[in-house]
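Q: Chains as they are written, first to last, in the numbering used here: chain H, 3 to 407; chain Z, 12 to 215. C-beta atoms are modelled at their ideal positions from N, C-alpha and C, and glycine is treated no differently. Before I ask anything, let me first share the structure, which is written out below as structure tokens.
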């Protein structure tokens, strides 16, 4: 039985990097329509791939030769989040800080050229690529870099990895295993998922249009989101008495129905939502808006719309909370998506403004509810919003952000 | 960490430290697994099926250093052999790290939180540590931990470079939170980590 959490982990810093921008100001300008969304480019123009599906690439981000790209992105974004949270080496040394990284690429050896050489000659003495891989697990690399002594978890729950890293971090804090967690969601554009999603027939030849009747699928993207979560006591001890945000609740479930397709009835998403609400001590109607997973595939849209409408019906609300997808701004950043979109949710709460769901001009009439087609100005003092994720393996995840008074 | 072991079961390797393919074939037939079930999935589902008192409402925690190697190798072979990137759809979707616990959830109808962990540095200890956090947070009375490794040319090399003898295994543990009157907490004997301890349990 899920109960109200004994405390809400507080957010003492965050940072993000995606095609939505590298700063809060850039992301907000995009949400307000003061900047145009990035134009996705053919995958074959930006990575080693023969596929021309449009993807959202961080053109200006350069990793050093030989440095795994996801790890390089993580290092850059973690450094900014540490600064934002005011975390110094001294503070980290004198506290129990852990790290949870959600990723789909960085934990897996994907050097196809080396596989080819190994297949040709299984006895090759060339080990450098494998050694680099073993030394590049992002959680372990970040722990070494910052001397972290708390729990370390690399979670790979496909596209909900970033959201699940947040839930794992909260569990580590709630159980007393540590007082602070560095939470990361990150992924690079890579040939494997580009080929994989293409062959599954779910990629769009155009910029994605989640929840729109003319949707044609998803665009992949790359990026990272980093959130520093602390116990309120840990934050207080270092002088943070009024943190701006908290993780008010989280929920995870599994559809247990299909390895790739989400449950069209939204059953798993509803269970995750109910658990998140129970931990938060809230009802769905308390949530001002939902930043949906919204990849732009038919099955994703059906699942989420069914879940949101179903939750409203069973809790006696006339309509579900307003919802949107930000994937048109970033592409589907896989393991980064859950963390990145939780950060966007916090930014919208701070800003009091939720954009119309980008890319959705004519909501699909077959869906039981429609996303925001015009911007929403939040009443002053709005506190709660949700961010949702879906994934292969039938994973469902819901995070509840709270803007503290 | 204060975990109480309620039950465990294993799909152990043979003398060559690999699962016996005849055994896996028989288990696939016994469990009614489809053609999509790979070696690791069959081994994990077999261990879970033989676990006494297996609940269908316990959070599922899966840990593997290298994941489902037969799928990952097939995917890489496709990328090598087909420069136009026409990879097998099943190889891709079943190569993701959470495909095995996802398949377990589907097979046993477990509509529960699933945590899939990867990494190298004492990964297997970390999965138990997370199980402890899940139980300590009070969200569930029981947790199911699944650990599994599958061999391949690449995985063997990576394991050896990390100082570990490659071995295939699938292990399922049903855990509760230990209390003062509930007996001794579950932990490996002194000097062994969970990986070494599992090896000793499997007598290989």
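In the region 183-246 of chain H, which residue ranges form an unbroken beta strand (DSSP E) of at least 3 residues, counting only runs that do not cross its ends?
A: Fully enclosed beta strand (DSSP E) runs of 3 or longer: 225-232.
Q: Please go through the same chain and pick out, in chain order, the residues whose beta-carbon is closer than 6 Å to the beta-carbon of residue 272(H), but skip the five residues on each side of it.
A: Residue mapping note: residue 272(H) aligns to position 270 of the first chain, counting from 1. 309, 312 and 313.
Q: Just checking: is the beta-carbon of residue 157(Z) within a distance shorter than 8 Å of some beta-carbon in chain H?
A: Start at 1 with the first residue of the second chain, and residue 157(Z) comes out as number 146. No, because no Cβ of chain H sits closer than 8 Å to the Cβ of residue 157(Z).
Q: Assuming contact is defined by CB atoms lying nearer than 8 Å, are residue 140(Z) and residue 262(H) in contact in what I supplied?
A: The residue labelled residue 140(Z) in the question sits at position 129 within the second chain. The residue labelled residue 262(H) in the question sits at position 260 within the first chain. No, they are not a contact pair.
Q: Rounded to whole angstroms, what is the Cα-Cα separation between residue 222(H) and residue 191(H)?
A: Within the first chain, numbered from 1, the residue matching residue 222(H) stands at position 220. Within the first chain, numbered from 1, the residue matching residue 191(H) stands at position 189. Cα-Cα distance, rounded: 7 Å.
Q: Here's a check: name, in chain order, each residue in its chain whose Cβ is nearer than 8 Å to the Cβ of residue 171(Z), leaving out the five neighbours to either side.
A: Counting from 1 along the second chain, the entry for residue 171(Z) is found at position 160. Answer for residue 171(Z): 177, listed in chain order.
Q: Could you spell out where the beta strand (DSSP E) holding residue 400(H) opens and where it closes?
A: In the first chain, residue 400(H) corresponds to position 398, counting from 1. Its beta strand (DSSP E) spans residues 397-405.
Q: Against chain H, with Cβ distances strictly below 8 Å, would residue 206(Z) count as a contact?
A: Working through the second chain from its first residue, we reach residue 206(Z) at position 195. Taking Cβ atoms only, chain H never reaches closer than 8 Å to residue 206(Z), which makes this a no.
Q: With a cut-off of 8 Å on the beta carbons, I'd call residue 98(H) and residue 245(H) a contact; round off their distance for me.
A: On the first chain, residue 98(H) is found 96 positions in, with the first residue counted as 1. On the first chain, residue 245(H) is found 243 positions in, with the first residue counted as 1. Not confirmed; about 19 Å, so no contact.
Q: Would you say residue 273(H) lies against chain Z (beta-carbon separation less than 8 Å)?
A: One-based indexing of the first chain puts residue 273(H) at position 271. Interface residue, yes.
Q: Answer yes or no: does any C-beta atom of chain Z fall closer than 8 Å to that of residue 201(H)?
A: Along the first chain, one-based indexing puts residue 201(H) at 199. Answer yes: the Cβ-Cβ gap between residue 201(H) and chain Z drops below 8 Å somewhere.
Q: Which residue marks the beginning of the beta strand (DSSP E) containing residue 327(H), and which one marks its end?
A: If you number the first chain from 1, residue 327(H) lands on position 325. Start and end: 325-327.
Q: Please name the residue in 168(H), 96(H), 124(H) and 137(H) whose C-alpha comes closest to that of residue 149(H).
A: Stepping through the first chain from its first residue, residue 149(H) is reached at position 147. For residue 149(H), the nearest C-alpha among the options comes from 96(H).
Q: Please decide whether residue 201(Z) counts as near chain H, where near means a Cβ-Cβ distance under 8 Å.
A: Indexing the second chain from 1 puts residue 201(Z) at position 190. No, residue 201(Z) does not count as interfacial toward chain H.
Q: Does the distance from the CB of residue 104(H) to the CB of residue 341(H) come in under 8 Å?
A: Position 102 of the first chain, counting from 1, holds the residue named residue 104(H). Position 339 of the first chain, counting from 1, holds the residue named residue 341(H). For residue 104(H) and residue 341(H), yes; Cβs fall inside 8 Å.
Q: Which same chain residues, not among the five before or five after residue 48(H), have their C-beta less than 8 Å away from its C-beta?
A: For the purposes of this step, residue 48(H) is identified with residue 46 of the first chain, where counting begins at 1. The answer, listed in chain order, is 57, 59, 61 and 191.
Q: Using a Cβ cut-off of 8 Å (strictly closer), state whether residue 96(H) contacts chain Z.
A: Taking the first residue of the first chain as position 1, residue 96(H) is located at position 94. Cβ-Cβ to chain Z under 8 Å: no for residue 96(H).
Q: When you compare only the Cα positions, how much space is there between residue 353(H) and residue 30(H)?
A: Within the first chain, the letter at position 351 stands for residue 353(H). Within the first chain, the letter at position 28 stands for residue 30(H). If you take the alpha carbons of residue 353(H) and residue 30(H), they lie about 8 Å apart.
Q: Would you tell me roughly how many angstroms separate the C-alpha atoms of residue 153(Z) and residue 363(H), rounded to the nearest one?
A: As a working mapping, residue 153(Z) is identified with position 142 in the second chain. As a working mapping, residue 363(H) is identified with position 361 in the first chain. Straight-line Cα distance between these residues: approximately 47 Å.
Q: Would residue 3(H) be called buried (16 or more neighbouring beta carbons within 10 Å of its own) or exposed?
A: Start at 1 with the first residue of the first chain, and residue 3(H) comes out as number 1. Exposed, because fewer than 16 other Cβ atoms sit within 10 Å of the Cβ of residue 3(H).
Q: Whose CA, out of 107(H), 160(H), 52(H) and 54(H), lies closest to the CA of residue 73(H)?
A: Counting from 1 along the first chain, the entry for residue 73(H) is found at position 71. Minimum Cα distance to residue 73(H) is reached at 107(H).
Q: Would you list the one or two residues that DSSP bridges to residue 389(H)?
A: Numbered from 1 along the first chain, position 387 holds the residue referred to as residue 389(H). Its beta-bridge partners are 293(H) and 401(H).
Q: For residue 145(H) and residue 345(H), I'd like the C-alpha separation in whole angstroms.
A: Taking the first residue of the first chain as 1, we reach residue 145(H) at position 143. Taking the first residue of the first chain as 1, we reach residue 345(H) at position 343. Near 22 Å, if we compare the C-alpha coordinates of residue 345(H) and residue 145(H).
Q: Are the region 223-236 of chain H and the region 177-188 of chain H touching by the rule of at least three beta carbon pairs closer than 8 Å?
A: Touching, yes, given that three or more Cβ pairs across the two stretches are closer than 8 Å.
Q: For residue 173(Z), does the count of other Cβ atoms within 10 angstroms reach 16, so buried, or fall short, so exposed?
A: The residue you call residue 173(Z) lines up with position 162 of the second chain. Answer is exposed; the Cβ neighbour count stays below 16.
Q: Pull up the distance between the alpha-carbon of residue 241(H) and that of residue 234(H), whole angstroms please.
A: Position 239 of the first chain, counting from 1, holds the residue named residue 241(H). Position 232 of the first chain, counting from 1, holds the residue named residue 234(H). Cα to Cα, the separation comes out at about 11 Å.
Q: How many whole angstroms separate the CB atoms of residue 154(H) and residue 142(H), which I take to be in contact at a CB cut-off of 8 Å?
A: What you label residue 154(H) is simply residue 152 of the first chain in a count that begins at 1. What you label residue 142(H) is simply residue 140 of the first chain in a count that begins at 1. Sure, about 7 Å apart at Cβ, within 8 Å.
Q: When burial is assigned at 16 or more other CB atoms within 10 Å of the CB, is residue 41(H) buried or exposed?
A: Numbered from 1 along the first chain, position 39 holds the residue referred to as residue 41(H). Classification of residue 41(H): exposed, given that the 10 Å Cβ count is below 16.
Q: Determine whether the beta carbon atoms of residue 15(Z) and residue 188(Z) lie at a separation below 8 Å.
A: Taking the first residue of the second chain as 1, we reach residue 15(Z) at position 4. Taking the first residue of the second chain as 1, we reach residue 188(Z) at position 177. Cβ atoms of residue 15(Z) and residue 188(Z): closer than 8 Å.
Q: Would DSSP call residue 334(H) helix, strand or coil?
A: Along the first chain, one-based indexing puts residue 334(H) at 332. Residue state, collapsed to three classes: strand.
Q: Would you list the residues sitting across from residue 20(Z) in a DSSP beta bridge?
A: Along the second chain, one-based indexing puts residue 20(Z) at 9. For residue 20(Z), which the question treats as bridged, DSSP gives the partners 183(Z).
Q: Can you give the Cα-Cα distance for residue 87(H) and residue 16(H), rounded to whole angstroms?
A: The count along the first chain starts at 1 and reaches residue 87(H) at position 85. The count along the first chain starts at 1 and reaches residue 16(H) at position 14. Cα to Cα, the separation comes out at about 7 Å.
Q: Would you give the residue range spanned by the beta strand (DSSP E) that residue 198(Z) belongs to?
A: Along the second chain, one-based indexing puts residue 198(Z) at 187. No beta strand (DSSP E) holds residue 198(Z); DSSP gives it neither H nor E.
Q: Name the chain H residues whose beta carbon is nearer than 8 Å to that of residue 185(Z)?
A: Indexing the second chain from 1 puts residue 185(Z) at position 174. Under the 8 Å cutoff, chain H gives no residues; its nearest Cβ is about 18 Å from residue 185(Z).
Q: Residue 286(H) and residue 323(H) look like a contact to me (Cβ under 8 Å); what is the Cβ gap, rounded to whole Å?
A: The sequence position of residue 286(H) within the first chain is 284, counting from 1. The sequence position of residue 323(H) within the first chain is 321, counting from 1. Correct: roughly 7 Å between the Cβ atoms.
Q: Figure out for me which residue from 297(H), 124(H), 205(H) and 336(H) has the closest Cα to the Cα of residue 45(H).
A: For the purposes of this step, residue 45(H) is taken as residue 43 along the first chain, with counting starting at 1. Among 297(H), 124(H), 205(H) and 336(H), the Cα nearest to that of residue 45(H) is on 205(H).
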